Amino acid sequence: MESHCLKRPTRRQFLSSVAFTVLAGSSGPVLARSISGSLPWEARSADPPVQVRPGGWLFFTPEEAETVEAIADRLVPADELSIGGKEAGCAVYIDRQLVGSFGTSSRLYTKGPFMPGLPTQGYQAPDTPAERYRTGLAAFNAWTRDNKGGRRFAELSPDDQDATLGDLEAGKITLSNDVDAKSFFNLVLSNVMEGFFADPIYGGNRDMASWKMLGFPGARYDYRDHVTKHNQPYPLPPVSIAGSMEWMSR
Amino acid sequence: MATILPRKDVVIIGLGWTGAILAHELTEERLEVVAIERGPWRDTATDFNIGYAQDELRYAIRRDLFLQPVVEAMTMRNNTSQTALPMRDYGSFLPGNGVGGAGVHWNGHTWRFWDSDFRIVDHLNERYGPGRGADLTLQNWGITAEEIEGSYDRFEYLAGISGKAGNLKGQIQEGGNPFEDPRSRDYPLPPMQMTYAPTLFAEVTKSIGLHPFPTPSANLSQSYINPLGIAMGQCTMCGFCERFGCANYSKSSAQTTVLPVLMKKRNFEVRTNSEVLHIDLDVSKTRARGVTYVNTSGEEFFQPADLVLLCAYGLHNVRLMMLSGIGPIYDPNTGEGTVGRNYCYQTNSSAQVFFDDKNFNPFIAAGALGQTVDDFNGDAFDHGPLDFVGGAGVNCIPTNGRPIQTRPTPPNTPRWGSAWKQATVQAYKATLGFSSQGSSYPARGNYLDLDPTYTDRFGRPLLRVTFDFPDNDIRMSAYVTSRMEDIAKAFGGRQYVMSPRKKGWDSVPYQSTHNTGGAIMGADPNTSAVNKYLQSWDVPNVFVVGASAFAHNAGKNPTGTVGALAFHTADAIRQQYLRNPGQPLVSV
């Protein structure tokens, strides 16, 4: 091993030395290294995800959280097919994502100059998702206060909420601070759906509600005994990376 | 100042498929080989761990295993009248990162290109007379299918490909692809067991006179020990292939086919998390002295070497050539220059058939588990009366039922609310999709160069991609898509929906990580960057290996040809170059 090449710290060393926020793919600072003569497998060097626990908000203010939960509950309403987006934990999921690499755009190319682009060139604004939620939610609640008798979005009736979200989706609402209604709606919609359909370890999809609804078996990894059973329902319930409710002691 | 390191015989830039194959071959010659890899070390047990590999959010949405734009982005525009802007997030294509490269998270479709691809100009002239494809910049590759057959064979046996031969030494085989060129022997493994959707696709396409066959797959149908003695396991069809590393040693990659042997060799070393900044040339600009790279602490090193192998992703190969001053950069105004020329992509379209009474269990899947018809691919069909050249493979390869991304719904379904939910649940198991993977032929205005404005974290210019689908390819795709509509109708479902390819390449929605060209191979140094052995015409001790060498892209996934070219290059270096190092293998 050459002197300039430092050994990567193990996951455990990293855990003990750095205070970090638990998110998808929160991998440690990886250092250059030289490897020769053997496969460099190391015990305890894997990087498993860490279960999100509900309770408290890391990013949202209480009013923001209330709004996002109310939106999530209309995008994914409780009905005979599943629980609603709020109960499923979609807002908790988004809250945790917004304090991680997604919220801060830390993996993206964020160097200027920033110029308006063509649709084929994708998102070109400097604002991170965290900033877009902060300004977008403020502008959205300001709009409902101005147009819905001083009420916040969460205080509207479900029908009124649906109509308001429909107008937001269609860009019929003009929001303050140059917030683009359609693009804000699309951001929230895609994040709510991520939370609802992702593994429950990330805070949404409580009790694998969406997977049970679809019949998706989750993190199973061997379907060899069913592959030729064409057109026949798969018999087993879903499992999460964290396991299954049936495996837990009660 | 860069620290000068002890000399090596060979330095390899990038340790993915091609880097690993070449490192293995050249260490067999007892050469001292070092690979310099920008990303981290990756192995199955640690990084594609069975306990948490099946995580759609982490790997498919947040893309943990991919190149992150903060490390290297690219700019894009559709034509030279536009200003290129950075793809701030990758979307349309997703380059890999780390040991194993994009070969870690591919699906595993493993094709051979045809003689009518390698000799495309000659072939079209012979069959149709001169003038076909005149609006394109088609070029011969400088090789024939016969010449590279043995290299394809070696890659398929290294990787344990599952499939059914369609043409054994000129004899057409029932159940295989009747349009393929002769192969010397069958695939090492039989085809995978078919799931329901491809089984139905095979029945339906056969009933209308087409020739379905099992897609050649790097997801293993059986356990396998490859020629290096490395064992792999049978695919369990977990449905987490593309965008994921395989936790089960069932998808071929550098990790599962080469590294366990390569890493034990004392004359091989890999330096990870180390990014090559450029290849250093001597004053004559005709000889490479080695490479300069930077580690994670920002320290610079100069690694001297006699032979430099550029084995990064094709697009990165092209950029590193430009940053190093190897070869003249292509100019679309004059058509001159070789580096950046003939950038091509893939021209795809898709179809969905919605049923009421079927359950496809979409989560029982593998990346390359499916059926293909090649009746409309390449020049398998008569283009005489048609106004285009090229074609597409039509594939029914349902790769997954991962619900963040795979939730088909019929047109006009709301995107949220109770009606959305009902339609989503109804369609989840009862929808069959199939797609065309179309050829992408070169055009004068589609090219790669360096961006004048945007730079990477070291201040070097980003690669600029100028691309739109040529009119020829749009006409090709429209034709094949209407043939797909014939198939969609024949399924007899409740409803079908066609999604044709349109002009205006959009960098946002995912389409294909099959970026080809930019450092193309050929027989003429005025129109190609590398010769038929992938050796730089300009700097003969540099070889540039990868899909960057494709003179155009066929209607097929590139990895089989990339792997074959790696063996083809390895043979040329071992059998010819090392006898007379530093000299061109092809004289002009």
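Those sequence lines, one after another, are chains F and Z.
Residue numbering for the first sequence follows the numbering used here, starting at -9 and increasing by one per position.
Residue numbering for the second sequence follows the numbering used here, starting at 95 and increasing by one per position.
Using N, Cα and C, we set each Cβ at its ideal position, and we do this for glycine too.
Keep in mind that this is a model prediction, so the values were computed, not measured.
(1) Can you tell me the Cα-Cα spacing of F186 of chain F and A160 of chain F, whole angstroms?
(2) Can you tell me which of the three DSSP states M357 of chain Z falls into?
(3) Who are the Cβ neighbours of F92 of chain F in its own chain at under 7 Å, not counting the five residues just before and after it?
(4) What separation, rounded to the nearest whole angstrom, lies between the Cα atoms of E236 of chain F and I498 of chain Z?
(5) Which ranges would you report for the alpha helix (DSSP H) in the segment 261 to 344 of chain Z if only whole runs of at least 4 residues count?
(6) At a Cβ cut of 7 Å, what residues of the segment 276 to 288 of chain Z count as close to chain F, listed as they run along the chain?
(7) Between T11 of chain F and chain Z, is there a C-beta pair that is closer than 8 Å?
(8) Determine which residues share a DSSP beta bridge with N647 of chain Z and list them.
(9) With 8 Å set as the bound, which would you pick, yes or no: does the beta-carbon of N367 of chain Z sit closer than that to a beta-carbon of chain F?
(10) Taking C-beta to C-beta, are V574 of chain Z and Y535 of chain Z nearer than 8 Å?
(11) Starting from the N-terminal side, write out each stretch of the beta strand (DSSP E) that is 3 residues or longer and does not extend beyond the segment 493 to 550 of chain Z.
(12) How would you label R182 of chain Z, buried or exposed, when you count the other beta carbons within 10 angstroms and need 16 or more for buried?
(13) Using a threshold of 8 Å, state whether the C-beta atoms of G244 of chain Z and S311 of chain Z are closer than that.
(14) Does chain Z have any CB closer than 8 Å to the CB of W31 of chain F?
(15) Run down chain Z in chain order and give the residues with a C-beta less than 8 Å from the C-beta of I231 of chain F.
(16) Shorter than 8 Å from the beta carbon of M357 of chain Z to some beta carbon of chain F?
(17) Bridge partners for C490 of chain Z per DSSP, in chain order?
(18) Quick check: is the beta carbon of E184 of chain F nearer than 8 Å to any beta carbon in chain B?
(19) Is there contact between the segment 266 to 285 of chain Z and the segment 330 to 346 of chain Z, where contact requires at least three CB pairs shorter than 8 Å?
(20) Mapping the DSSP letters down to three states, classify T177 of chain Z as helix, strand or coil.
(21) Are the beta-carbon atoms belonging to C490 of chain Z and P292 of chain Z less than 8 Å from one another?
(22) Going straight from the alpha carbon of E53 of chain F to that of G140 of chain F, what length do you get?
(23) Let me make sure I understand the geometry here. Which of Z:F661, Z:G145 and Z:G113 has the alpha-carbon closest to that of R210 of chain F?
(24) What did DSSP end up calling R221 of chain Z once you bin it into helix, strand or coil?
(25) From N195 of chain F to P502 of chain Z, what distance separates their C-alpha atoms?
(26) From the DSSP output, in three-state form, read off I231 of chain F for me.
(27) Measuring straight from C-alpha to C-alpha, what distance separates R213 of chain Z and N625 of chain Z?
(28) Using a threshold of 8 Å, state whether the C-beta atoms of P652 of chain Z and F661 of chain Z are closer than that.
(29) So, using beta-carbon positions, are Y290 of chain Z and H220 of chain F closer together than 8 Å?
(30) Within 10 angstroms of the Cβ of A325 of chain Z, are there 16 or more other Cβ atoms? Answer buried if so, exposed if not.
(31) So which of Z:R383, Z:R152 and Z:E430 has the shortest CA-CA distance to G539 of chain Z?
(32) Quick one: is S630 of chain Z buried, meaning 16 or more other Cβ sit within 10 Å of its Cβ, or exposed?
(33) Closest Cβ-Cβ distance between K515 of chain Z and chain F: below 8 Å?
(34) Could you check which residue in F:Q87, F:D168 and F:R43 has the C-alpha nearest to that of G126 of chain F?
(35) Do you know how far the Cα of V633 of chain Z is from the Cα of V682 of chain Z?
(36) Give me whichever residues DSSP pairs with H608 of chain Z in a beta bridge.
Taking the structure as given:
(1) 23 Å
(2) coil
(3) P119
(4) 24 Å
(5) 290 to 301
(6) Listed by position along the chain: Q287.
(7) Summary for T11 of chain F: the model assigns pLDDT 29, below 50, so the residue's position carries little reliability; its value from the coordinates is reported in the next sentence. By this cut-off, T11 of chain F is not an interface position.
(8) Answer is Z:S534, bridged to N647 of chain Z.
(9) yes
(10) no
(11) Qualifying beta strand (DSSP E) stretches, in chain order: 525 to 532 and 541 to 549.
(12) buried
(13) no
(14) yes
(15) G145, Y146, Q148 and D149
(16) yes
(17) Z:Q465
(18) You won't find chain B in this structure, because its protein chains are F and Z.
(19) no
(20) coil
(21) yes
(22) 14 Å
(23) Z:G145
(24) helix
(25) 19 Å
(26) coil
(27) 15 Å
(28) no
(29) yes
(30) exposed
(31) Residue Z:E430 is the option with its Cα nearest to G539 of chain Z.
(32) Per the 10 Å Cβ criterion, buried.
(33) yes
(34) F:D168
(35) 14 Å
(36) Its beta-bridge partners do not exist; DSSP assigns none.
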